[in-house]
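Step one of this worksheet: look at the structure below.
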Amino acid sequence: MNPETIPSLVKPPTWSLFVGGLGSYLVLGATALYVLSVIAWLFFPTRGKRVGSWALTLGSVSLLGSFIALAVLFIANRFEYQYVAGHGDSKNAIPYRIAGIWSGQQGSFLLWGVCSAIFVLLVARHTDIYRRWFSVACGVFLGCIAAILAFESPFLLNTIQGQPFVPLDGVGMAPSLQNYWVTIHPPTIFMGFGSLTVLFALSFAALITRDFEKWVPIMRPWAIVSMSLVGVGLCMGGFWAYETLGWGGFWMWDPVENTSFVPWCFTVALTHGLLVQATRKKWQISNMLLAGLAFLTFMYGTFLTRSGFLADASVHSFAEMDRSALKLLIGLVGSAFGFFGIAWGVRVYQERRAAKADEGPGALKRDNLMKLGIISISVLGLATAVGMSVPFFMALSGKPPKVVEEGLYHQVIPWFYVPIMLLLAVAPTTAWKAASVKEFAGKVYSILCAAIGLTGLTVFIVAATSANREITLNPILSFFGHKMNGLPWLLFLIGLSYFAIVGNVWRMGLLWRGSKIAMMPYLTHIGVSLLMTGLIVSRGFERVDQTMVMADRPGQVLDYVVSFKGMTSTVEDRDNHARFEFALASQPGKKLFEATPGLYNVHTEDGQTNVMVWPHIQKGIFEDVYISLRPPQTTPMGKEFTLKPGEQVNLAGRTYKYIGLDRQGQPGAPGTKFGAKIQVTTDGKTEDFLPQLEIGQPGTDLKHLPAQIAPDLVVDMNAMNVADKSVTLDVGTSATLYPLEVFHKPLTILVWLGAGLMGVAGFFAAWNRRSRRRLAPTSAASEEESASTRKLAKIA
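Residue numbers (my numbering): 3 to 798.
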């Protein structure tokens, strides 16, 4: 741009420059304060304790202040800042303006840092003897995040010739982000990610101090909070994908989804491991490892998503990081793995010599069954981590990154899922002391009978009511390339979920007269089981079909007649987002509801445009009708064939007979037309038509002049051969086709109910562990054990 035009540009107001400058300086100040905290705690643990504590606190406050400064800039639409202009626009409502903060790379790093800082402030003053090394670990991590933000700054100005200016408007968020979940899901999941920081820091501090007992009451409530936040955040991400991506499901094993799933697996394992440590004084070293792995695997996943290796292998989009910031991230990940691995390895070696003998034989007791469950869910997390790493490994070997397909996950995951659900059912009903085979079998038999009965009742309801018209009772699954009847497998999985639900209801019944809050962990198990039941039923028994709809010709799909009504918006509207309106009826003239699926364009960095889908979901108590629109087809689509004079072909009830060539004009002259004389016979009636090719000006292509043979049908002449006078014809539609994919997804409501129950019960369980008067772990366990034994005796 000519420098002379710079004075005419809109210049930012002074207050905006002040807020942005303040946010930038707060990031730098946070970096310095975290470094000061680490130095004080590391080298002056006694004299520098006060300085280290205040530096850690003020650093966290500074990071929070920079977040507030960025929020002010987004709410005020200050587009002179590159990040605000890239992710906000003046048309956004206030909630979407705030959500713009975390819709890009810099803002999501800032959100991660702020969430981690909040948890550090909440936990630090309760860390007792672990305070020093907890503060060192947290200070190093938060200092690196702040330093990354110094390079990946959201406070950079738009400038021309060194002078800041205000663009007329911002680019705005991608259409897929403009959903209410963008204001809920990222803060929730990042609070979960932030909580992983304190789990790691507490574990690291315990390894350094070699005190593995006092950390259990400190760690347990935060481990439950972390498990609940990450789990609820995962569910929210699935709901978001279900409502915006048009793939007809909640989960696709996308690498970025797995980046959250893997840490959740380890937090689940840790939460149960801490229960065993609190009651049986076992698994101290294993729990240290689980607490560290939850954080470390998320750090590794962050490296994968932010380094650009998954850019072409994920539905999520992240810009490639600044090289200096990426080096800092790599250094942070490498240091975290290295220092934690060394500390844990040393303690394993030391504790192995001092290991206590087990209490004796007895496989049928709760801690042994929980051990199997913890191993199963940990291996499930590791297997998923390998799957999400495949694009990274392929990129390192010079191959184009390719995501692991959903089908492969579904062939591998059941080997871990089935034992996890079995143990989820029987472990809560098992005593901490070894039980006899007869006693164990008696409990399991009763629970199993109830689960089988519920499964049979479900099948009866489906088969004997109108629900059988909504569900395909003979689903087909593919197992290592072989097709098989999926009904027995799906019924087994549903029965497995009922087995887990009944087992935990049984346990809650034993605790009913005691503390109601003590039932929350088992209610969490029921929530997980309900969620899995909903996922299995909605995917396994779904019905899906496709149809083509035209403006004057309805389409038939599943149990519906679908009619095109028009467009409620156009692609020229905001966000390139077009909405189309369809009426669905159970029979012609009997309308059930209207659907408005949409399409929008996503522009990639290489200049390509991808068309994305925005589905319409007609939600019901027992099923969802999920309608996804594909890009309308406006070019003729039909059947191409070649005929010689006198030959004919039959297509869709019509006969096309080629008579011969026709020429209008001088050979080779612009404007000359070559036509194919054809006779079309429909229902015994024959008509003549003449599709043509017209010669244009030199250097231009031939112009096609198709013949309209019906209101929605044309015949086009694609080519001719002068030697044998044959022609190539194309019969297709001249109207716009709207391809629709319709899903019937039964009992998706269970997914929502299960997720809500899991989250609410998890937070109540965490609050119980934090607020109630703590008993000695063994006495608390004995009290619960004796109460359960008395109840069982009465039932028997």
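We treat Cβ as the ideally placed atom computed from N, Cα and C, and that holds for glycine.
Keep in mind that this is a model prediction, so the values were computed, not measured.
A453 and G497 do touch by the CB rule: their CB atoms are close to 6 angstroms apart, below 8 angstroms. Shown here for E596: same chain residues with a beta carbon closer than 8 angstroms to its own, the five before and five after excluded, namely K567, E583, F584, A585, L586 in chain order.
Around the C-beta of Q694, 16 or more other C-beta atoms lie within 10 Å, and the residue is accordingly described as buried. Between R509 and Y524, the C-beta spacing is below 8 angstroms. Between L75 and V29, the C-beta gap is not smaller than 8 angstroms, which leaves the two residues out of contact.
Within the same chain, R545, D547, V744, H746 come within 7 angstroms of L560 by CB-CB distance, once the 5 residues on both sides are set aside. Here DSSP, grouped into helix, strand and coil, assigns K51 to helix. Where K373 is concerned, the enclosing alpha helix (DSSP H) starts and stops at 368-398. Following the DSSP letters along the chain, one finds N506 inside the alpha helix (DSSP H) bounded by residues 489-512. In this structure, S39 lies away from G67, with their beta-carbon atoms at least 8 angstroms apart.
With contact defined as three or more Cβ pairs closer than 8 angstroms, the region 754-765 and the region 697-712 are not in contact. Within the model, the alpha-carbon separation for G54 versus F624 is close to 57 angstroms. A buried status is given to T304, since no fewer than 16 other beta-carbon atoms sit within 10 Å of its beta-carbon. It is roughly 28 angstroms from the alpha-carbon of L124 to the alpha-carbon of E259. Sequence-distant partners of P169 (beyond 5 residues in either direction) whose C-beta falls short of 7 angstroms from its own C-beta, in its chain, are F81, A87, N160. Less than 8 angstroms separates the beta-carbon of L198 from that of F300. Put simply, of L410, G409, R308, E408 the residue whose alpha carbon is nearest the alpha carbon of F394 is R308. Under the three-state reduction of DSSP output, P166 falls in the strand class. In this structure, G250 lies near S630, with their beta-carbon atoms less than 8 angstroms apart. Only buried fits V682, as 16 or more other CB atoms lie within 10 angstroms of its CB. Remark: C-beta atoms of L330 and I100 do not approach each other more closely than 8 angstroms. In this structure, A502 is the residue among V507, M550, A502 with its C-alpha nearest to the C-alpha of T535. Using a Cβ-Cβ distance cut-off of 8 angstroms, the region 219-229 and the region 240-254 are not in contact, since fewer than three pairs of beta carbons, one from each stretch, lie closer than that value. For H187 and L236, the gap between their C-alpha atoms comes out near 8 angstroms. Partner residues in the beta bridge of I619, as assigned by DSSP, are Y628.
Here the region 374-389 makes contact with the region 418-432; the two share three or more CB pairs at distances below 8 angstroms. Assigned with DSSP and collapsed to three states, H89 falls in helix. Taking a C-beta distance under 8 angstroms as the contact criterion, F676 and M614 do not qualify as a contact pair. Of the residues assessed, I680 falls on the buried side of the cut-off, its CB having 16 or more other CB atoms within 10 angstroms.
In this structure, Y36 and L144 form a Cβ contact; the two beta carbons are roughly 5 angstroms apart against a cut-off of 8 angstroms. Pairing G109 with P177 gives a Cβ-Cβ distance that is not under 8 angstroms. Judged by their CB atoms, L158 and S105 are not nearer to each other than the 8 angstroms cut-off. By DSSP's assignment, T657 forms a beta bridge with N652, T683. Three or more beta-carbon pairs separated by less than 8 angstroms are not found between the region 41-51 and the region 112-127, which leaves the two stretches without contact. Residue state for N181 is assigned as coil, using DSSP reduced to three classes.
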